[in-house]
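Take a look at the structure below.
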Amino acid sequence: MTSIAKPPVSHPSARVNALGLTLRDYEGGMSTLCAGCGHDSVTAAIVQATWELALPPHRAAKMSGIGCSSKTTAYFMKQSHGFNSVHGRMPSVTSGAAAANRALTYIGVSGDGDSLSIGLGQLSHAIRRNVNMLYVLENNGVYGLTKGQFSASADIGSTSKKGEANEQAPIDPVLLALTLGATFVARSFSGDKRQLVPILKAGLAHNGFAIVDVISPCVTFNDHEGSTKSYAYTRAHEREEVHADFVPLTRAITMEEAASGVSEVPLHLGASVRLHATSSDYDPTSRASAYAHVAACHARGELATGLLFVDESSRDMHLLMHTVEAPLVDLPFEQLCPGRAALDALMDEYR
Amino acid sequence: MSGINDFAFKMGTVNGTGSASANGLLMQAIFRMGIPVTGKNLFPSNIQGLPTWYEIRVSKDGYTARPADVDLVVAINPASYAKDIATVRAGGVVLYDNSAPLDPTLHRNDVTFLGVPFGRMCNEAFVKDRDRTLLRNMMYAGTLCALLALDMAIPEQMLAEKFGKKPKVLEANIKAIRLGHDYAREHFACPLPFHLERMQATDNAILMDGNTAVALGALYAGATVGAWYPITPATGVMEQFKALCEQYRVDPATGLHRYAIMQAEDELAAAGIVIGAGWAGARAFTNTSGPGISLMQEFIGLAYYTDIPAVFVDVQRCGPATGMPTRTQQADLLSLAYASHGDTKHPILFPANPHECFSMTVQAFDLAERFQTPIFVASDLDIGMNDWMVPRLEWDDAYRPDRGKVLDAEELAQLPRFSRYRDVDGDGIAARTLPGVGAKGAYFVRGSGHDQHAAYTEESAPYQEVVDRLARKFAHAAEAVPQPAFHLQDDADIGIVCLGSGDAAVREAADMLREQGIGVNVMRIRGFPFGAAVRAFLDAHERIFVVEQNRDAQLRALLAVELGVPRDAMTPILDYAGLPLTAATVVDGVTHHLVGATA
Ligand SMILES: Cc1ncc(C[n+]2csc(CCOP(=O)(O)OP(=O)(O)O)c2C)c(N)n1
Ligand code: SF4
Ligand SMILES: [Mg+2]
């Protein structure tokens, strides 16, 4: 099997974004995933989000590990560089790339196996480093590509296709990220594009590590009754406390809005996210209340979704490392090499 | 050995008690007297409390290998007295602390015992416990100055340079060194028969460890991303790189860094960071040792298969497993050469000393980008952590990095189509693009099967085309890596092959064998894959010895596998005890075999 390119047809009526590009321009190769796989819907949401943001495709880099989910970076933004690395290690590769060239937009796609088992350490440390990237975790509770073994996100009691129940406690990437100090934490559902697209856009605009846990059902191995990661189960148990709208440019929040339960959180480069709270006591800028909310939902058998936490004062990896503004790859050699005279002088210190 | 400017001595002390600075001071003072000198730190994997040794060899002829025996030992640590006293050659000297009486069973009739009450004198002269411990080292340094005729003005000057801003500390150190010195003058016949006399042989030399030299190489080559996970004996590389970057790479206007040093969560991540940065266009490197190399395997194969430049510095230590972390070996040769699963092979550079650590690190970055592949610099603990006397490092301001085949936006525009892995020039190296250059240059890096267009494939022919190209590329590297260094004699018919830090001992051994009437030619391998010159040397000698510091004759295995030379036509001389190689080991290896062969 070789990769399949989509026939390039452009509709004369197709709408264009600020760069004059159509949605089609943000698509990639034809998906080779199973028909109905949640991951394909996430791909579509990424296409939509990047198109709406008018992200220059060649200034984005698509990063992934290994798994059905990780394959999907080939299915969007064909004009972007992509890097399908090794299983569970995309965070380090992205850290290195981002260190070298901070001017690109990094979009990482991973799976629950890739992120929560083999790659748990790398995910944790990318969070600590606060790498400036969008990290989409396509969470289906199983290892799709190796044919349906339970992953570390499988809930206790959730059953496999053969009926076997998982007995080990799950790792919830949202609680994990909140605990580790992640500066942008969201959860969504592949079947809920209305919620997912603005979250992805906000995550892309965030200055730091933006993790989005997307429940993305595996139709082949984990969409049956008894699974807690199926379409039906997720639809029935999803609970969105705060709906997020992405706002490209900041403007002052009026008192009126504040009073009506709408708040605005500034993101990077003037963009912001507008949050519509359905209950008044939830504060998505408070890590503690986000954690409490997600944990309370768990206890009730519900799945907390939405933009759950954002730290407006996030200091990304480069701020923490005090690197120059210009990408390191753009620095001229003269600025890097101290030259002959300096070496000569230095040699006298080694005598 | 044993004469004017030709002897060795050894200090047996306790780890963590500050002896390192006194020992370093002595070595540097001898160097400043213009006399060739080598220092080897033989230390335990421990922070405080275990026996540790420092050996200093003085050689008017410039031999820098570890000495086979010592003329004098300074026995300061009762825990290692027995061992220390036993290592002195017959006729040598034991300098010991006689504050407490020496166990009579340790006495030897064939050596001279010189007792100095270091401990008691320290207690009398200094009040603080810490001073009493630390300054005892300075005191024995003073005694050695008197016994060896080391010009006291030099260490005193060095102490002034070091403690100029701390007059109290300076004063205490000077007091200690003089107390030790004066005691020796009053009680012993100074100097000893073997001692120092000024020379002029170090004017163009420096004293530097290999890890510092690697760091300087990375700085000068323009490396901007360094990723690592701490491990002995490699740690010094990144610590020095950081210190150098703080000195030379901080934007004066903003205080911001023109570098990124990332202490990763483990060696896998360090490798991933280097590969990500290399893919994005930075010169990136990691420093590690054997255990780290083991962890990096999967990523090394990824970089190999996807043509990504990366520099890996392996400061080898004693394996397997944790092994002996503070002992030296050359036992990672096979695991570097063929690192990772599947068909993989990698160029390796073998510096023999800190001078080559500098030049070869620069070259490693050039080769990594030119060949778009992982390049290994195989140093070792002896080179990396000991101070070596080497020629001053030099830099040519005309140097420009060899970035290899990288297409910029203009070049891309002229192409009908960009195919990432198409071998246009027949050298196995395809042009790459850096992310961000433009839509036309975009491609997908994948560790899964891919064709010359970087597209996914499970078809045999396009898959094979890519891996065959990689083999071609590797073959081309044979003449691009550093070529062997030869040490030849007119009429020799025996060939000795060595590499890395074994160089000094092997060249000294060649001279010793010559005196016994055995002529040998030496070839020091400096790069892998092996070029035509390596093959020619092997073919030109009836008898070949391969000297290396591992149990399994790994260099010999590589020569046999890669060049097709019959394995048994090469006689291994192996030293895997963990200490730097001595010339005596090589001489014994050769003569034993020759005797065996004629008997
Ligand atoms: C080192 C290594 N071990 C095992 C595998 C096999 N493997 C490939 S994908 C995968 C699991 C992927 O699961 P997940 O990340 O959840 O992705 P999904 O397929 O479910 O989207 C495994 C174990 C591998 N590629 N590499
Ligand atoms: S196996 Fe599951 S995760 Fe993989 S493509 Fe099919 S449905 Fe998607
Ligand atoms: Mg999965």
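From first to last, the protein sequence lines stand for chains A and B.
Count along the first sequence from 1, then add 9; that gives the number in the working numbering.
Count along the second sequence from 1, then add 42; that gives the number in the working numbering.
Here a beta-carbon is modelled for each residue, glycine too, at the ideal position from N, C-alpha and C.
Fair warning: this is a prediction, and the values are worked out from it, not measured in the lab.
- B/E213 sits away from B/N47, with the two beta carbons spaced by 7 Å or more.
- Here A/A308 is actually not in contact with A/E250; their C-beta atoms are around 15 Å apart, not less than 8 Å.
- Per the CB criterion, closer than 5 Å to any heavy atom of ligand 2, the qualifying residues run in chain order as A/L42, A/C43, A/C46, A/C77, A/G153, A/C227, A/V228, A/T229.
- Cβ-Cβ distances below 6 Å link B/L337 to E309, L310 in the same chain, with the five nearest sequence neighbours on each side left out; the list follows chain order.
- Fully contained in the region 97-157 of chain A are the following alpha helix (DSSP H) runs of length 4 or more, in chain order: 99-109, 121-125, 129-138.
- Of the heavy atoms belonging to ligand 1, at least one sits nearer than 6 Å to the Cβ of A/S160.
- In chain B, no part has a C-beta under 8 Å from the C-beta of A/Y35; the shortest such distance is about 12 Å.
- For B/I317, the chain A residues whose C-beta falls within less than 7 Å of its own C-beta are V102, G105, listed in chain order.
- Against chain B, the CB of A/L62 has no partner CB under 7 Å away; the residue lies outside that interface.
- Using a CB distance cut-off of 7 Å, B/P197 does not count as an interface residue toward chain A.
- Counting along the chain, B/L541 sits inside the beta strand (DSSP E) bounded by residues 536-541.
- Residue-level contact by beta carbon fails for A/M142 and chain B, as no gap is shorter than 7 Å.
- Per DSSP, the beta-bridge partners of B/C360 are B/M366.
- Within the model, the alpha-carbon separation for B/N119 versus B/K210 is close to 27 Å.
- Proximity of the beta carbon of A/N149 to ligand 1 is indicated: a heavy atom of the ligand is located closer than 6 Å.
- The Cβ atoms of B/S461 and B/H492 do not sit closer than 7 Å to each other.
- The beta carbon of B/A110 sits no closer than 7 Å to any beta carbon of chain A.
- In this structure, A/G120 has its beta carbon less than 6 Å from a heavy atom of ligand 1.
- Relative to B/Q558, the option among B/A534, B/C540, B/A578, B/G542 whose CA is nearest is B/A534.
- Distances from the CB of A/H246 to the heavy atoms of ligand 1 are all 6 Å or more.
- Nearest CB-CB separation between A/T332 and chain B: below the 7 Å threshold.
- Ranked by Cα distance from B/C187, the options B/Y225, B/E203, B/K207 are led by B/Y225.
- Within 10 angstroms of the beta-carbon of B/M53 lie 16 or more other beta-carbons, which makes it buried.
- Contact residues of the region 454-487 of chain B toward chain A are T475, L476, P477, G478, V479, G480, A481, K482, G483, A484, Y485, F486, V487 (C-beta to C-beta distance below 9 Å).
- Between A/Y84 and A/T59, the C-beta gap is not smaller than 7 Å, which leaves the two residues out of contact.
- Within 7 Å of the CB of A/M356, the CB atoms of chain B belong to I248, R434, L435, in sequence order along the chain.
- Check the Cα spacing between B/A578 and each of B/A595, B/D553, B/L605: the tightest is with B/L605.
- Going by beta carbons, B/L600 and B/A352 fall outside the 7 Å limit.
- Within the region 317-347 of chain B, contact with chain A at the beta-carbon level (separation under 8 Å) is assigned to I317, G318, A319, G320, W321, A322, G323, A324, A326, E340, F341, L344.
- Straight-line spacing of the CA atoms in B/V628 and B/R556 works out to 13 Å.
- The beta carbon of B/I127 sits no closer than 6 Å to any heavy atom of ligand 1.
- For A/N93, the beta-bridge partners assigned by DSSP are A/S73, B/R488.
- The nearest non-hydrogen atom of ligand 1 is 6 Å or more from the C-beta of B/I560.
- Remark: C-beta atoms of B/P86 and B/R99 do not approach each other more closely than 7 Å.
- Here the region 105-112 of chain A does not lie against the region 498-511 of chain B, with fewer than 3 beta-carbon pairs under 8 Å apart.
- Between the region 260-280 of chain B and the region 334-347 of chain A there are three or more inter-stretch CB-CB distances shorter than 8 Å, so the stretches are counted as touching.
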